[in-house]
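Participant: Residue numbers (my numbering): 5 to 254. Even glycine gets a Cβ: it sits at the ideal position worked out from N, Cα and C. Below you'll find the structure I mean.
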């Protein structure tokens, strides 16, 4: 069988056209995909060109449904409501990033889950306990640690909660520390109770605004509940009507 040079050239042209058509189809598909899903392209860019670890990107893009599936809302014997367990690695990584890196996106995602459960709890409390029109206050940070971080993690969570539930009003700096305390994570249970005892009071400048009001006091992490219990004591001593304690993580 004889194959002429023109036949070979013709076949090469056909193959080239087929390849060009195939590449054009792939390019069009990718272009359409990235237009419809710009976050995918953004995440690829972050992973390749930034120092962020992929796990951070995964945390920030974890859906609310996924956070909901690992939520374990529970009320402790002392009345503290919490939503997530610290033992879960995703939760641990997320709360540490919120505390140490001021990650607002992660705070919004976790607080969105907190808000859902809190609204149910508030509905019951309003009916049964007349717990209505609550103000929201945050556990105060140690001044040195707050200066080091540049922010108070509990205030970030409390403010985000009020931004999520528009019927709540945030009262910044309602509680102030009057005694220097050690980091609770370094202490035993009995030491924690002693460490925070009589360590807080209400801010005299806004004390009148707290009188006869229902208050939700918010912390980022609770272990024994000692810090929240001290906050509750200080708020009631300052004239608050009722106090509810809430933490994002236990």
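Going by the CB atoms, is the gap between residue 228 and residue 196 shorter than 9 Å?
Facilitator: A contact, by the Cβ cut-off of 9 Å.
Participant: According to DSSP, residue 141 sits in a beta bridge with which residue or residues?
Facilitator: Beta-bridge pairing links residue 141 to 221.
Participant: Let me check one thing: in DSSP terms, what residues is residue 78 bridge-paired to?
Facilitator: 86, per the DSSP bridge assignment.
Participant: Decide if the stretch 153-166 is in contact with the stretch 114-126; the criterion is three or more beta carbon pairs, one per stretch, under 8 Å apart.
Facilitator: Flag = yes, the stretch 153-166 and the stretch 114-126 touch.
Participant: With DSSP run on the structure shown, which of helix, strand or coil describes residue 111?
Facilitator: Note: residue 111 maps to helix in three-state DSSP.
Participant: Note down, in chain order, each residue of its chain lying with its Cβ closer than 7 Å to the Cβ of residue 49, except the 5 sequence neighbours on either side.
Facilitator: Note that residue 49 has pLDDT 48, beneath the 50 cutoff, so the model's placement of it is unreliable and the number below is only indicative. Cβ neighbours of residue 49 beyond the five flanking positions: none.
Participant: Checking 9 Å against the spacing of the C-beta atoms, do residue 103 and residue 224 come in under that value?
Facilitator: Against a cut-off of 9 Å, the Cβ pair of residue 224 and residue 103 comes out as a contact.
Participant: In this structure, what does DSSP give as the bridge partners for residue 180?
Facilitator: Per DSSP, 205.
Participant: Residue 220 and residue 253 look like a contact to me (Cβ under 8 Å); what is the Cβ gap, rounded to whole Å?
Facilitator: So it is not a contact: roughly 16 Å between Cβ atoms.
Participant: Just verifying my parser: in three-state terms, what is the DSSP assignment at residue 121?
Facilitator: Helix at residue 121.
Participant: Can you tell me the Cβ-Cβ gap for residue 86 and residue 205, rounded? I've got them flagged as a contact below 8 Å.
Facilitator: No, residue 86 and residue 205 are not in contact; Cβ-Cβ is about 25 Å, not under 8 Å.
Participant: So what does DSSP say about residue 246, is it helix, strand or coil?
Facilitator: Residue 246 falls in the strand class under three-state DSSP.
Participant: Less than 9 Å separating the beta-carbons of residue 165 and residue 122?
Facilitator: It is a contact, given that the beta carbons lie within the stated cut-off.
Participant: In the DSSP assignment, find the unbroken alpha helix (DSSP H) run with residue 170 in it and report its ends.
Facilitator: That residue, residue 170, is in no alpha helix (DSSP H); it is neither H nor E in DSSP.
Participant: Along the chain, where does the alpha helix (DSSP H) that runs through residue 91 open and close?
Facilitator: Residue 91 -> no alpha helix (DSSP H), and no H or E assigned at all.
Participant: Which residues bound the alpha helix (DSSP H) around residue 147?
Facilitator: First-last of the alpha helix (DSSP H) with residue 147: 147-153.
Participant: Let me know if residue 137 comes out buried or exposed under the rule of 16 or more other beta-carbons within 10 Å of its beta-carbon.
Facilitator: It is exposed - the Cβ of residue 137 has fewer than 16 other Cβ atoms within 10 Å.
Participant: Residues bridged to residue 253 by DSSP?
Facilitator: DSSP output for residue 253 lists 88 and 225 as bridge partner(s).
Participant: Taking the continuous alpha helix (DSSP H) assigned at residue 198, which residues delimit it?
Facilitator: Residue 198 -> alpha helix (DSSP H) spans 193-200.
Participant: Would residue 179 and residue 144 qualify as a contact pair, given that the criterion is a beta-carbon distance under 9 Å?
Facilitator: Going by C-beta atoms, residue 179 is nearer than 9 Å to residue 144.
Participant: What's the gap between the Cα of residue 101 and the Cα of residue 233?
Facilitator: Those two C-alpha atoms are separated by around 25 Å.
Participant: Pick out whichever of 185, 175, 132 and 222 has its Cα sitting closest to the Cα of residue 212.
Facilitator: Out of 185, 175, 132 and 222, 175 has the C-alpha closest to the C-alpha of residue 212.
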